[in-house]
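2 protein chains.
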Amino acid sequence: MTTPQPEMPAPALPRTFIRDLAALSGQPVRLRGQILSRRDLGGLQFVTLRDGSGAVQCVGDGLGLDLPLPESSVEILGTVAPHPKRAGEVEVRMQAMHLLAAAAEPTPVELPKLSRVHPDTLLNHRAVTVRGLEARAVLRVQAELLAGFRAALGDMGFTEISTPKIVEAGAEGGANLFTVDYFGEPAYLAQSPQLYKQMMVGAFERVFEVAPVFRGEQHNTSRHLTEYLSLDAELGFIDSEEDVMDVETEVLRVMLARVAERCGPELALLGATLPEVPARIPRIPLLEARALVEREFGHPVGGKDLDPEGERLLGEYVRRELGSDFVFVTQFPQAARPFYTHPAGEVDGVPVTRGFDLLLRGLEITSGGQRIHDPQMLAQSIEAYGLNPDSLRGYSEVFRYGMPPHGGFAIGAERLTALLLGIGNVRMARAFPRDRTRLQP
Amino acid sequence: MTTPQPEMPAPALPRTFIRDLAALSGQPVRLRGQILSRRDLGGLQFVTLRDGSGAVQCVGDGLGLDLPLPESSVEILGTVAPHPKRAGEVEVRMQAMHLLAAAAEPTPVELPKLSRVHPDTLLNHRAVTVRGLEARAVLRVQAELLAGFRAALGDMGFTEISTPKIVEAGAEGGANLFTVDYFGEPAYLAQSPQLYKQMMVGAFERVFEVAPVFRGEQHNTSRHLTEYLSLDAELGFIDSEEDVMDVETEVLRVMLARVAERCGPELALLGATLPEVPARIPRIPLLEARALVEREFGHPVGGKDLDPEGERLLGEYVRRELGSDFVFVTQFPQAARPFYTHPAGEVDGVPVTRGFDLLLRGLEITSGGQRIHDPQMLAQSIEAYGLNPDSLRGYSEVFRYGMPPHGGFAIGAERLTALLLGIGNVRMARAFPRDRTRLQP
Chain A
5 MTTPQPEMPA PALPRTFIRD LAALSGQPVR LRGQILSRRD LGGLQFVTLR DGSGAVQCVG
65 DGLGLDLPLP ESSVEILGTV APHPKRAGEV EVRMQAMHLL AAAAEPTPVE LPKLSRVHPD
125 TLLNHRAVTV RGLEARAVLR VQAELLAGFR AALGDMGFTE ISTPKIVEAG AEGGANLFTV
185 DYFGEPAYLA QSPQLYKQMM VGAFERVFEV APVFRGEQHN TSRHLTEYLS LDAELGFIDS
245 EEDVMDVETE VLRVMLARVA ERCGPELALL GATLPEVPAR IPRIPLLEAR ALVEREFGHP
305 VGGKDLDPEG ERLLGEYVRR ELGSDFVFVT QFPQAARPFY THPAGEVDGV PVTRGFDLLL
365 RGLEITSGGQ RIHDPQMLAQ SIEAYGLNPD SLRGYSEVFR YGMPPHGGFA IGAERLTALL
425 LGIGNVRMAR AFPRDRTRLQ P
Chain X
5 MTTPQPEMPA PALPRTFIRD LAALSGQPVR LRGQILSRRD LGGLQFVTLR DGSGAVQCVG
65 DGLGLDLPLP ESSVEILGTV APHPKRAGEV EVRMQAMHLL AAAAEPTPVE LPKLSRVHPD
125 TLLNHRAVTV RGLEARAVLR VQAELLAGFR AALGDMGFTE ISTPKIVEAG AEGGANLFTV
185 DYFGEPAYLA QSPQLYKQMM VGAFERVFEV APVFRGEQHN TSRHLTEYLS LDAELGFIDS
245 EEDVMDVETE VLRVMLARVA ERCGPELALL GATLPEVPAR IPRIPLLEAR ALVEREFGHP
305 VGGKDLDPEG ERLLGEYVRR ELGSDFVFVT QFPQAARPFY THPAGEVDGV PVTRGFDLLL
365 RGLEITSGGQ RIHDPQMLAQ SIEAYGLNPD SLRGYSEVFR YGMPPHGGFA IGAERLTALL
425 LGIGNVRMAR AFPRDRTRLQ P
C-alpha cells in the first residue's frame with residue numbers, strides 16, 4: 005500500500021498566530037494566512053497578512069517576491085520587529101514567502117475597502133466579503149456575546165436545551181409561519197422555542213437555548229431577518245417578572261463584560277463604544293412611559309404600546325435623567341402580548357400583563373415576562389385569543405402537572421449585535437442573512 | 005395606579021438549591037421544587053422533592069400534611085439532617101410545606117418508574133416524562149458535552165458561527181431534503197452546515213457551529229432522527245487530515261473530562277462508565293480495517309466501506325489489541341464520500357480520499373476529513389458526481405480566492421450521548437425527538 009503524501013513541507017518552526025506576535029519582537033516566526041492587500045514599491049514590498057486571529061503588515065526588502073493576488077493563502081517566514089510608525093505595534097520583516105493556494109482572480113470587491121461598497125453587492129458576494137476585517141469583527145463580537153450568554157446562565161444553574169425547529173403548530177398563532185413538507189404532511193418552522201422552553205422548566209427549572217428561529221416576514225426592512233439566532237432563557241419558581249428582569253440584567257452584564265475583555269481590537273476597528281449595564285436597569289410601566297413621552301416631549305403615542313418614535317424618546321429621557329442606556333418597559337397591556345403572558349390585573353381600566361420589553365438606546369432588543377402557569381387560566385386565555393386548543397395539546401398537557409410560576413426572555417442575537425456596534429442594517433450582523441428575497445449565498 | 009401583587013409571600017430565608025444541601029447539615033433551609041413521589045405512613049410522611057439541581061428526601065413527623073399530588077410545585081421549610089440510612093447523604097426534616105401550584109391529576113405514567121414504560125408511551129407524553137430523573141440526566145450530560153465542545157474549540161482559537169438552515173440547495177445532493185415554502189418558492193432545510201462552515205474558514209480560519217440539521221430519513225430506526233444537533237468544526241491551514249484528527253481527539257478529551265467532572269450523579273444514576281480518550285486514537289486505513297476484520301474474525305465485508313458488523317468487530321479488535329474504545333478509520337474510498345472530500349490517490353487500484361470516520365465502541369459517531377480547496381479540482385469533482393454547478397455557485401465562488409487547505413468533522417450530539425450512556429434508542433437523547441411519524445409534542 006502507498007501512503008498519500010502531505011501537501012506541505014514539514015515545518016521546522018511551529019506556526020505562530022498573528023495575535024501572539026506582539027510579545028515576540030526580534031524572534032523568527034512562521035505565519036500562515038491570506039493576503040488582505042499588497043503593495044510593491046520595487047525594492048520594498050508590503051503585504052498585509054490576515055489569519056484567524058488578526059492581521060499584520062509584512063515587509064520584504066530586496067526580496068523581489070512575485071507577490072500573489074490578494075486572498076491567496078501563503079506561508080511567510082520572517083522576523084518580528086517594532087512597527088516603524090505605530091508605537092506599540094509590530095510588523096514582520098519577511099525572509100521568504102511560500103504560496104499555499106493562489107487566488108485565481110481579483111476578488112469582486114476589494115476587501116480593505118468594504119465600507120465604500122453598496123450593501124447589496126456586499127451581500128451578493130457575502131462568502132468572500134465576510135473575510136473583510138470589519139465584516140468579521142462584527143461576527144466575532146457576536147460569538148463572544150453568545151459565549152457570555154451561556155456562561156452567565158450556566159453560572160446561575162441554567163441547563164442548555166435543544167428544542168424542535170420542525171413543529172406541528174406555531175407558538176403564537178399562524179401568522180408568518182414557514183410551511184415544511186414533512187413526508188407529505190404540512191408542518192412548520194418554529195418561530196420561537198417559547199412553548200418548548202416552558203415545558204422544559206418542568207424538567208430543569210432553569211433552561212436556555214441558543215438556536216435559529218424562522219419568521220416569514222413579508223416586509224424587507226433593515227431590522228428584519230427571516231432566520232435569526234434567538235437567545236432564550238426561562239426559569240421556574242419566580243416570585244414575579246421582577247426576578248426575570250434581574251436575571252436578564254446579570255446576563256447582559258456578563259455578555260458585555262466579555263466583549264469588552266476579549267474584543268478590544270474589534271471594537272476599536274468598528275469605532276464602537278459599549279453601553280454600561282447598570283446594577284439595576286430602570287423599570288417603567290408602559291402606561292407611565294406613554295404619559296412621560298407625551299409630557300416631556302409633547303409626543304402623543306397612538307396604538308396600544310409605544311411607537312418607534314416613542315421608544316426613541318423614552319431612551320433619550322432615560323439616558324438623560326437616569327443615566328442608563330437600557331430601560332425595561334413593564335406591564336404591557338394584554339392586547340399587545342401573546343396568549344401565554346401572565347395577566348396582572350387592570351391599570352386605569354386597561355388589562356395589563358407581567359410582560360416587559362427591554363430597550364437599548366431607544367430600540368427594542370428583547371421581550372420577556374412571567375407566563376401563565378395555572379391550567380384553567382391558560383385554557384381561558386387560549387380560548388380568549390381564538391387559538392385552536394388541539395394544536396396546543398402537547399403544550400397544555402404539562403400545566404396539568406404542577407408547573408411552577410415561571411417566566412423568561414428572548415434576545416435577538418443579530419439585533420443586539422447591530423445595536424451595540426452601531427450597524428444600521430441587521431443583515432450585516434449575520435454571516436449569511438435570509439430575507440424576503442435572499443436565499444443565496 | 006395600582007401595582008400587581010406578587011403571588012408568593014416574600015421569604016425571610018433565601019432559597020437553597022438541593023445540590024447545596026450536603027454542606028448544610030443542621031441548618032434551616034427553604035426549598036422549592038416539584039414532588040417526585042410521596043408516601044404517607046400516618047404520623048410519618050415522606051416526600052421526594054426535585055428541583056433543577058437535584059432531588060432529596062423530605063420527612064414530616066406528626067405534621068399531618070395534606071400531601072399534594074406528585075408533580076405539584078411546593079415550597080418546603082425544614083432543617084437539613086444526615087440521612088438515617090445512606091451514609092454521607094442528607095434528608096430534610098420538614099417544618100412546613102406551602103403549595104405553589106397543584107397538579108390537577110396524576111401524571112400519565114409514574115415518573116419514578118419510567119424504566120418500566122414502553123418508549124412510545126414515554127415519547128407520547130415526553131413533555132411530562134422528561135421530568136423523570138433518568139430522562140433529564142441524559143439531557144444534562146448532553147448539555148455538558150456541548151459546553152465541552154465549545155470550550156475545547158474556543159481554547160484552540162475557533163470562532164463560533166451561525167449559518168443558514170434555509171438553503172437553496174442541499175450540501176450533498178438532493179436526497180432526504182425537506183422542502184420549505186419560501187414565499188411561494190421552494191427552498192430546503194440544511195442537512196449540514198458543511199458548505200457554509202467551509203466558506204467561513206476564509207473569514208475566521210477556524211470555526212465551529214452547534215445547531216440543528218434536518219434529514220428526511222425514510223427509515224424509522226433507533227439510530228435515526230429527522231432533526232438532530234450537529235457539532236461541527238472546520239479549520240484551515242492544515243497539513244493533512246491528520247491535523248483534523250488531532251483536533252477532534254483533543255475536543256473529545258475535553259468533552260468527556262467535563263462530563264466526568266460535572267455529571268457524577270447523572271452517570272451514577274444511569275450506570276454509565278465513560279470511555280477513556282487515548283492521547284492518540286488509533287488510525288487505521290479502511291482497506292486495512294476490512295482486511296483485518298476478515299483475517300481476525302473471518303467476517304467478509306461487502307460494499308465499499310465497513311458494514312455495521314465489520315464496525316463492531318473492528319471496535320472489538322481495537323479494544324482488545326490496542327486498548328482503545330475509539331478508532332479512526334481513514335482513507336475512505338472516493339465512492340463512499342461526498343464530492344467535497346479531498347482525494348488521496350489510489351490504494352491497490354482504488355481511488356481513496358482524505359476522509360475518515362470515528363468509531364466509538366464499534367459504532368460511528370463522526371465523519372470528517374480534508375476537503376478540496378483547489379477550484380479546478382472542485383469543479384471536476386462536482387462534474388464527476390453529477391451535481392448541478394449552478395446550485396453550488398455561492399459555494400464554488402470562494403475557492404477562486406485562495407482558500408487554504410482545510411478540513412473538519414461533525415459529531416451527532418444525540419448519537420454520541422446515547423453511545424456514551426448506553427442508551428439503545430437515540431430518541432431518548434433528544435428532548436422532543438422528530439422521526440418519520442413523530443411531530444408531537
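If you read the sequences in order, they're chains A and X.
First residue of the first sequence: 5, per my numbering; consecutive thereafter.
First residue of the second sequence: 5, per my numbering; consecutive thereafter.
Glycine included, C-beta positions come from ideal geometry on N, C-alpha and C.
Using the beta-carbon of each residue, which ones in chain X are nearer than 9 Å to K308(A)? Translated into the one-based positions of the first sequence, residue 308(A) becomes position 304. Proximity of chain X to K308(A) at the Cβ level (cut-off 9 Å) is not reached, the minimal Cβ distance being about 17 Å.
*Throw me the rounded Cβ distance for the A4(X) and D236(X) pair, which I believe falls under 8 Å.*
Because residue 4(X) is not part of the residues shown, which for chain X are 5 to 445, the question remains open.
Query - C-beta neighbour in chain A for F153(X), strict 8 Å - result: For this step, residue 153(X) is matched to residue 149 along the second sequence. Not one beta carbon of chain A lies nearer than 8 Å to the beta carbon of F153(X).
Q.
Classify P123(A): buried if its beta carbon has 16 or more other beta carbons within 10 angstroms, exposed otherwise.
A. The residue you call residue 123(A) lines up with position 119 of the first sequence. When all chains shown are included, P123(A) counts as exposed.
So, are the CB atoms of G366(X) and R434(X) less than 8 Å apart? Here residue 366(X) refers to the residue found at position 362 when the second sequence is read from its first residue. Here residue 434(X) refers to the residue found at position 430 when the second sequence is read from its first residue. With a cutoff of 8 Å on beta-carbon distance, G366(X) and R434(X) are scored as not near each other.
Are the CB atoms of L318(A) and L296(A) within a distance shorter than 8 Å?
As a first step, residue 296(A) must be located in the first sequence, where it is residue number 292. As a first step, residue 318(A) must be located in the first sequence, where it is residue number 314. Yes, the pair counts as a contact, with Cβ atoms nearer than the cut-off.
TODO: Pull up the distance between the alpha-carbon of Q9(X) and that of A147(A), whole angstroms please.
DONE: Your numbering for residue 9(X) matches position 5 in the second sequence. Your numbering for residue 147(A) matches position 143 in the first sequence. Unreliable positioning characterises Q9(X) in this predicted model, as indicated by a pLDDT of 45, which lies under 50. The coordinate reading is nonetheless provided below. Straight-line Cα distance between these residues: approximately 39 Å.
Determine which residues of the stretch 321 to 338 of chain A have a Cβ less than 8 Å from any Cβ of chain X, and write them out in chain order. Within the stretch 321 to 338 of chain A, the residues whose Cβ lies closer than 8 Å to some Cβ of chain X are Q335, listed in chain order.
Closest Cβ-Cβ distance between Q384(A) and chain X: below 8 Å? Position 380 of the first sequence holds residue 384(A). Output row for Q384(A): interface = no.
**Prompt:** In this structure, what does DSSP give as the bridge partners for A100(X)?
**Reply:** What you label residue 100(X) is simply residue 96 of the second sequence in a count that begins at 1. In the DSSP output, where bridge partners are listed per residue, A100(X) has L81(X).
Given this structure, state the Cα-to-Cα distance separating F21(X) from G58(X), to the nearest angstrom.
Taking the second sequence and counting its residues from 1, one reaches residue 21(X) at position 17. Taking the second sequence and counting its residues from 1, one reaches residue 58(X) at position 54. Cα to Cα, the separation comes out at about 8 Å.
Review point. Got a sec: is the Cβ-Cβ distance from P282(X) to anything in chain A below 8 Å?
Key: For the purposes of this step, residue 282(X) is taken as the residue at position 278 of the second sequence. Taking Cβ atoms only, chain A never reaches closer than 8 Å to P282(X), which makes this a no.
S76(A) in three-state terms, based on DSSP: Position 72 of the first sequence holds residue 76(A). Three-state result, S76(A): coil.
**Asked** Roughly how far, in whole angstroms, is the beta-carbon of E172(X) from the beta-carbon of L443(A), given that I think they are within contact range, below 8 Å?
**Response** Locating residue 172(X) in the second sequence gives position 168, counting from the first residue. Locating residue 443(A) in the first sequence gives position 439, counting from the first residue. At roughly 5 Å, the Cβ-Cβ gap stays under 8 Å, so E172(X) and L443(A) are in contact.
With L235(A) as the anchor, note down where its beta strand (DSSP E) starts and where it stops. The count along the first sequence starts at 1 and reaches residue 235(A) at position 231. Counted as a single uninterrupted DSSP element, the beta strand (DSSP E) harbouring L235(A) occupies residues E231 to G240.
- Item | As assigned by DSSP and simplified to three states, the class of G349(A) | Within the first sequence, the letter at position 345 stands for residue 349(A). Strand at G349(A).
Neighbour list for M203(A) in chain X, Cβ cutoff strictly below 9 Å: What you label residue 203(A) is simply residue 199 of the first sequence in a count that begins at 1. In chain order: R130, A131, V132, V134, A435, F436 and P445.
Q.
Between R431(A) and chain X, is any beta-carbon pair separated by less than 8 Å?
A. Your numbering for residue 431(A) matches position 427 in the first sequence. Chain X, which has no Cβ nearer than 8 Å to the Cβ of R431(A), makes this no.
According to a CB-to-CB cut-off of less than 7 Å, which residues of the stretch 33 to 49 of chain A neighbour chain X? Under the 7 Å Cβ criterion, the stretch 33 to 49 of chain A contributes R36 and Q38.
* Asked: Can you tell me whether H377(A) is buried or exposed, with buried defined as 16 or more other CB within 10 angstroms of its CB?
  -> On the first sequence, position 373 is the one that residue 377(A) refers to. Buried, by the Cβ-count rule.
- Is there a Cβ from chain A that is less than 8 Å from the Cβ of G390(X)? Counted from its first residue, the second sequence places residue 390(X) at position 386. No, no contact with chain A.
Cβ contact (3+ pairs, closer than 8 Å) linking the stretch 66 to 80 of chain A and the stretch 387 to 397 of chain X | Contact fails: fewer than three Cβ-Cβ distances are below 8 Å.
**Asked** How about E300(X) and R144(X): are their beta carbons less than 8 Å apart?
**Response** Counted from its first residue, the second sequence places residue 300(X) at position 296. Counted from its first residue, the second sequence places residue 144(X) at position 140. No, the Cβ-Cβ distance between E300(X) and R144(X) is not below 8 Å.
- Mind checking who T183(A) pairs with in its DSSP beta bridge? The residue labelled residue 183(A) in the question sits at position 179 within the first sequence. DSSP output for T183(A) lists Y192(A) and D185(X) as bridge partner(s).
### Message
So the candidates are G406(X), L425(X) and F436(X); which of them puts its Cα closest to the Cα of L73(A)?
### Response
Taking the first residue of the first sequence as position 1, residue 73(A) is located at position 69. The residue with the shortest Cα to Cα distance from L73(A) is G406(X).
Quiz prompt | I386(A) - containing alpha helix (DSSP H), residue span | solution = On the first sequence, position 382 is the one that residue 386(A) refers to. Residues P379 to A388.
>> Here's a check: name, in chain order, each residue in its chain whose Cβ is nearer than 6 Å to the Cβ of S77(X), leaving out the five neighbours to either side.
In response: Here residue 77(X) refers to the residue found at position 73 of the second sequence. The beta carbon of S77(X) is closer than 6 Å to those of Q38, L104 and A105 in its chain, skipping five residues each way along the sequence.
### Query
Would you call the CB atoms of L40(A) and A141(A) closer than 8 Å?
Along the first sequence, read from residue 1 onward, the residue named residue 40(A) stands at position 36. Along the first sequence, read from residue 1 onward, the residue named residue 141(A) stands at position 137. The answer is no: Cβ separation not under 8 Å.
Could you check the C-alpha separation between F332(X) and K201(X) for me, to the nearest Å? Translated into positions along the second sequence, residue 332(X) becomes position 328. Translated into positions along the second sequence, residue 201(X) becomes position 197. Counting only the Cα atoms, K201(X) lies some 22 Å from F332(X).
* Status (buried if at least 16 other CB within 10 Å, exposed otherwise) for K89(A) -> Counting from one through the first sequence, the residue named residue 89(A) turns up at place 85. Exposed is the call here.
What would DSSP say about V258(X), mapped onto helix, strand or coil? Numbered from 1 along the second sequence, position 254 holds the residue referred to as residue 258(X). Residue state, collapsed to three classes: helix.
Is there at least one Cβ from chain X nearer than 8 Å to A108(A)'s Cβ?
-> Along the first sequence, read from residue 1 onward, the residue named residue 108(A) stands at position 104. Output row for A108(A): interface = yes.
_Short of 7 Å in beta carbon distance, which residues of its chain neighbour E313(A), apart from the five on each side in sequence? Order them along the chain._
In the first sequence, counting from the first residue as 1, residue 313(A) sits at position 309. Cβ within range, chain order: H303.
### Message
On a Cα-Cα basis, can you pick out the residue from R130(X), P342(X), E368(X) and A151(X) that is closest to V356(X)?
### Response
As a working mapping, residue 356(X) is identified with position 352 in the second sequence. Shortest Cα-Cα distance from V356(X) to any of R130(X), P342(X), E368(X) and A151(X) involves P342(X).
Restricting to Cα atoms, I'd like to know which of P279(X), V134(X), P216(X) and R375(X) is closest to D247(X). To locate residue 247(X), count along the second sequence from 1; it is residue 243. Nearest to D247(X) by alpha-carbon distance, out of P279(X), V134(X), P216(X) and R375(X), is R375(X).
Run through chain X and tell me which residues come within less than 8 Å of A215(A), C-beta to C-beta. Numbered from 1 along the first sequence, position 211 holds the residue referred to as residue 215(A). Taking a Cβ-Cβ threshold of 8 Å, the residues of chain X close to A215(A) are A215 and P216, in chain order.
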